[in-house]
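Quick note: the sequence shown uses the numbering used here, first residue 4, plus one each step. This report refers to the structure that appears directly beneath it.
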Amino acid sequence: MERNRLKKMWQLYGSEKRFNYTKIQDRLGDKYTSVKFKNNEQIVTRGEFPEYIYFIRSGVAVGIREYEDGSEYDYFQLDETNGSIGLLETLAQKEEIIATVTCAADVDAVRVPSATVYQWIMQDLDLLRLSANLLAEDLYHRSGNDGLFYQLEGVDRLRYFLVEYYDKQAGTTTDFIEVKENREKIGNKLGMSVRTVGRSLKKLRDNQEISSRNRKIYIGPNERQRLQEHLIHI
Numbered sequence: 004m005e006r007n008r009l010k011k012m013w014q015l016y017g018s019e020k021r022f023n024y025t026k027i028q029d030r031l032g033d034k035y036t037s038v039k040f041k042n043n044e045q046i047v048t049r050g051e052f053p054e055y056i057y058f059i060r061s062g063v064a065v066g067i068r069e070y071e072d073g074s075e076y077d078y079f080q081l082d083e084t085n086g087s088i089g090l091l092e093t094l095a096q097k098e099e100i101i102a103t104v105t106c107a108a109d110v111d112a113v114r115v116p117s118a119t120v121y122q123w124i125m126q127d128l129d130l131l132r133l134s135a136n137l138l139a140e141d142l143y144h145r146s147g148n149d150g151l152f153y154q155l156e157g158v159d160r161l162r163y164f165l166v167e168y169y170d171k172q173a174g175t176t177t178d179f180i181e182v183k184e185n186r187e188k189i190g191n192k193l194g195m196s197v198r199t200v201g202r203s204l205k206k207l208r209d210n211q212e213i214s215s216r217n218r219k220i221y222i223g224p225n226e227r228q229r230l231q232e233h234l235i236h237i
């Protein structure tokens with residue numbers, strides 16, 4: 004009874020979790036600046052004040068976490084579906100951007116003062132609910148990672164990554180998707196050496212948990228199921 008009631012409440016108040024350009028497009032008019040960035044150009048830098056929020060209209064950017072020893076860790080990707088750079092910091096009332104964001108391709112974005120966006124959110128119930136959903140989803144995902152991901156080692160950590168990657172990219176498709184991250188980037192994300200990634204991929208390939216052609220990795224629904232089944236038994 005209570006389970007069904009909660010599900011009805013979720014449906015009633017909406018479950019949208021993507022705060023992107025389309026959510027504020029009608030408010031913009033001609034007031035706000037359209038900005039273009041070239042491939043490899045930085046949009047924001049870790050530590051700077053979040054004066055503006057950049058809503059991506061086209062192109063791809065990646066978030067780079069920088070460590071004190073100078074190493075970098077590529078840990079999220081942004082495009083027109085989820086690109087609202089500076090929104091998290093604004094909602095959290097933090098005065099420093101958490102990660103450097105760099106273009107992985109040419110990017111076209113709209114730059115809006117963060118104070119303006121914050122006011123829109125606080126005065127619009129739909130945007131406020133969307134923001135709550137967004138933050139809750141992010142917290143839930145990170146909590147899951149901290150609890151499971153960091154307990155996994157080697158090939159199981161790679162399995163977890165590939166299942167997550169498939170679920171994010173596949174949508175409703177029943178076709179194969181290509182994993183577009185190279186072995187070095189996968190290793191950086193998982194804290195594994197390139198050699199370990201290569202050995203783990205070979206094991207998954209031998210187990211038919213992934214498909215590989217021309218050194219490219221592919222995952223379909225059946226492969227995803229096999230990956231998940233191995234994780235369930237951990």
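Using N, Cα and C, we set each Cβ at its ideal position, and we do this for glycine too.
Near residue i, which residues of its chain fall below 6 Å by C-beta distance, leaving aside the five closest residues on each side in sequence?
i	result
Gly223	Phe179
Ser214	Tyr221
Lys171	none
Verify whether the separation of the beta carbon atoms of residue i and residue j is less than 8 Å.
i	j	result
Gly66	Val104	yes
Gly190	Val200	yes
Ala173	Val110	no
Arg186	Gln211	no
Gly50	Glu99	yes
Glu46	Asp82	Residue 46 is actually Ile in this sequence, not Glu. It is not a contact, given that the beta carbons lie outside the stated cut-off.
Arg160	Met125	no
Thr93	Tyr121	yes
Lys192	Phe164	yes
Pro53	Gly89	yes
Asn85	Arg21	yes
Drop a sphere of 10 angstroms on the beta-carbon of residue i, count the other beta-carbons inside from all chains shown, and report buried for 16 or more, exposed for fewer.
i	result
Leu9	exposed
Leu128	exposed
Arg162	buried
Leu234	exposed
Lys97	exposed
Lys11	exposed
Leu142	exposed
Lys39	exposed
Under the three-state reduction of DSSP, which class applies to residue i: helix, strand or coil?
i	result
Tyr35	coil
Gln211	coil
Glu71	Low confidence applies to Glu71: its pLDDT is 48, below 50, so where it sits in the model is not reliable, and the reading given next is rough at best. Note: Glu71 maps to coil in three-state DSSP.
Arg49	coil
Lys26	helix
Gly201	helix
Leu234	helix
Ile56	strand
Thr105	strand
Glu140	helix
Ala112	strand
Ile124	helix
Ala173	helix
Asn225	helix
Val63	coil
Arg216	strand
Gly134	Residue identity check: residue 134 is Ser in the sequence provided, not Gly. If DSSP states are grouped into helix, strand and coil, Ser134 belongs with the helices.
Ser18	coil
Phe179	coil
Ser87	strand
Please determine, among the options, the residue with the shortest C-alpha to C-alpha distance to residue i.
i	options	result
Asp33	Ala108, Val113, Leu94 and Ile88	Val113
Ser87	Tyr24, Ser203, Met12 and Glu167	Tyr24
Leu15	Ala95, Arg160, Lys205 and Leu133	Leu133
Ala102	Leu31, Phe22 and Gln80	Gln80
Val115	Gln28, Leu137, His233 and Arg208	Gln28
Thr36	Tyr55, Arg21 and Lys20	Tyr55
Glu19	Asn136, Leu91, Arg216 and Asp209	Asn136
Near residue i, what residues of its chain come up, given a Cβ to Cβ distance below 7 Å and the 5 sequence neighbours on each side ignored?
i	result
Tyr169	Ile180, Ile222 and Arg227
Lys41	Cys106 and Asp109
Asp72	With a pLDDT of 48 at Asp72, under the threshold of 50, the modelled position of this residue cannot be trusted, and the question is left open.
Any Cβ of chain B within less than 8 Å of the Cβ of residue i?
i	result
Ala108	No chain B is part of this structure, which consists of one protein chain only.
Using a Cβ-Cβ cutoff of less than 8 Å, which residues in the same chain neighbour residue i once the five nearest sequence positions on both sides are dropped?
i	result
Lys26	Leu130 and Leu133
Would you say residue i touches the ligand ADP, meaning its beta carbon is less than 7 Å from a heavy atom?
i	result
Ile180	Looking at this structure, you won't find the ligand ADP or any other ligand, since it has none at all.
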